[in-house]
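**Q** Sharing a structure here in structure tokens format.
In our numbering, the protein residues as written are 59 to 237.
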């Protein structure tokens with residue numbers, strides 16, 4: 059029974075750590091303009107799937123889907139047709155950022171980028187997009203890429219620390235050595 063509890067604690071800790079490692083950015087754009095929704099992942103693995111969805115307000119269909127080495131327009135929400143492209147079509151250096159063109163106020167909301175890489179490595183990031191009628195304060199239309207990169211790095215470090223801590227706890231509970 060103690061082993062089950064220990065394993066349950068480990069998996070719960072791992073789940074929380076993965077959730078904490080998700081990044082979030084805020085982006086502002088002007089109606090009629092273009093913004094980049096940032097999504098940066100580890101660059102040392104091949105990207106298999108990139109799925110962009112809206113979480114608030116939630117929409118039927120996805121915003122953008124890349125799988126099987128091509129863009130899949132099958133169930134894309136109609137409001138995004140012909141307004142999207144990958145910032146880097148080859149997704150070099152793990153850049154799965156999405157360019158959204160011809161913004162309208164209905165585009166305001168929270169966007170989720172979910173990436174699956176070779177070896178079942180997954181990443182999730184969120185972007186809160188606000189579309190205004192005019193850019194009066196000279197906001198950063200391309201988002202806070204530096205902030206996202208920094209938070210991604212911290213998230214990866216946090217994830218590694220959580221996995222290591224969970225492993226050490228598990229080994230101590232089992233009476234084994236961590237070395």
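Backbone N, C-alpha and C fix where the C-beta goes; we use that ideal spot for every residue, glycine too. Keep in mind that this is a model prediction, so the values were computed, not measured.
Which class does residue 167 belong to by DSSP, given the choice of helix, strand or coil?
**A** The residue labelled residue 167 in the question sits at position 109 within the chain shown. In this structure, residue 167 counts as strand in the three-state DSSP scheme.
**Q** Around the C-beta of residue 165, are 16 or more other C-beta atoms found within 10 angstroms, so that it is buried, or is it exposed?
**A** For the purposes of this step, residue 165 is taken as residue 107 along the chain shown, with counting starting at 1. Counting Cβ neighbours within 10 Å, residue 165 comes out buried, since at least 16 surround it.
**Q** Would you grab the beta carbon distance between residue 88 and residue 142 for me? Rounded to a whole angstrom, and I think it's under 8 Å.
**A** As a first step, residue 88 is located in the chain shown; it is residue number 30 there, counting from the start. As a first step, residue 142 is located in the chain shown; it is residue number 84 there, counting from the start. That pair is no contact at about 18 Å.
**Q** So, with DSSP's three-state summary, where would you put residue 87?
**A** Residue mapping note: residue 87 aligns to position 29 of the chain shown, counting from 1. Correct three-state label for residue 87: strand.
**Q** Please state if the CB of residue 185 and the CB of residue 83 are separated by a distance shorter than 8 Å.
**A** As a working note, residue 83 is residue 25 in the chain shown. As a working note, residue 185 is residue 127 in the chain shown. Contact flag set, yes.
**Q** If you follow the beta strand (DSSP E) that residue 186 is part of, which residue opens it and which one closes it?
**A** In the chain shown, residue 186 corresponds to position 128, counting from 1. That run of the beta strand (DSSP E) goes 179–190.
**Q** For residue 126 and residue 106, what's the separation of their Cα atoms in angstroms?
**A** As a working mapping, residue 126 is identified with position 68 in the chain shown. As a working mapping, residue 106 is identified with position 48 in the chain shown. Roughly 7 Å between the two C-alpha positions.
**Q** Can you grab the Cα-Cα spacing for the pair residue 109 / residue 172, in whole Å?
**A** Residue numbering aside, residue 109 sits at position 51 when the chain shown is read from its first letter. Residue numbering aside, residue 172 sits at position 114 when the chain shown is read from its first letter. C-alpha separation (whole angstroms): 5 Å.
**Q** Can you grab the Cα-Cα spacing for the pair residue 139 / residue 177, in whole Å?
**A** The count along the chain shown starts at 1 and reaches residue 139 at position 81. The count along the chain shown starts at 1 and reaches residue 177 at position 119. Residue 139 and residue 177: Cα-Cα distance of roughly 31 Å.
**Q** Among residues of its own chain, excluding the 5 on either side of residue 168, which ones have a beta-carbon nearer than 8 Å to its beta-carbon?
**A** For the purposes of this step, residue 168 is taken as the residue at position 110 of the chain shown. Closer than 8 Å at the Cβ level, and outside the excluded window around residue 168, lie 112, 113, 114, 184, 185, 186, 187.
**Q** Let me know the secondary structure DSSP gives residue 156 once reduced to three states.
**A** Taking the chain shown and counting its residues from 1, one reaches residue 156 at position 98. Of the three classes helix, strand and coil, the one that applies to residue 156 here is strand, per DSSP.
**Q** Kindly indicate which residue of 102, 101, 85, 104 has the alpha-carbon position closest to the one of residue 95.
**A** Taking the chain shown and counting its residues from 1, the one referred to as residue 95 is at position 37. Nearest of 102, 101, 85, 104 to residue 95, Cα basis: 85.
**Q** Thinking C-beta only, is residue 158 closer than 8 Å to residue 93?
**A** For the purposes of this step, residue 93 is taken as the residue at position 35 of the chain shown. For the purposes of this step, residue 158 is taken as the residue at position 100 of the chain shown. The answer is yes: Cβ separation under 8 Å.
**Q** From the DSSP output, which residues share a beta bridge with residue 144?
**A** Counting from 1 along the chain shown, the entry for residue 144 is found at position 86. The partner list for residue 144 (beta bridge, DSSP) reads 156.
**Q** Could you please give the first and the last residue of the uninterrupted beta strand (DSSP E) stretch that includes residue 123?
**A** What you label residue 123 is simply residue 65 of the chain shown in a count that begins at 1. 122–125 is the span of the beta strand (DSSP E), which, as asked, contains residue 123.
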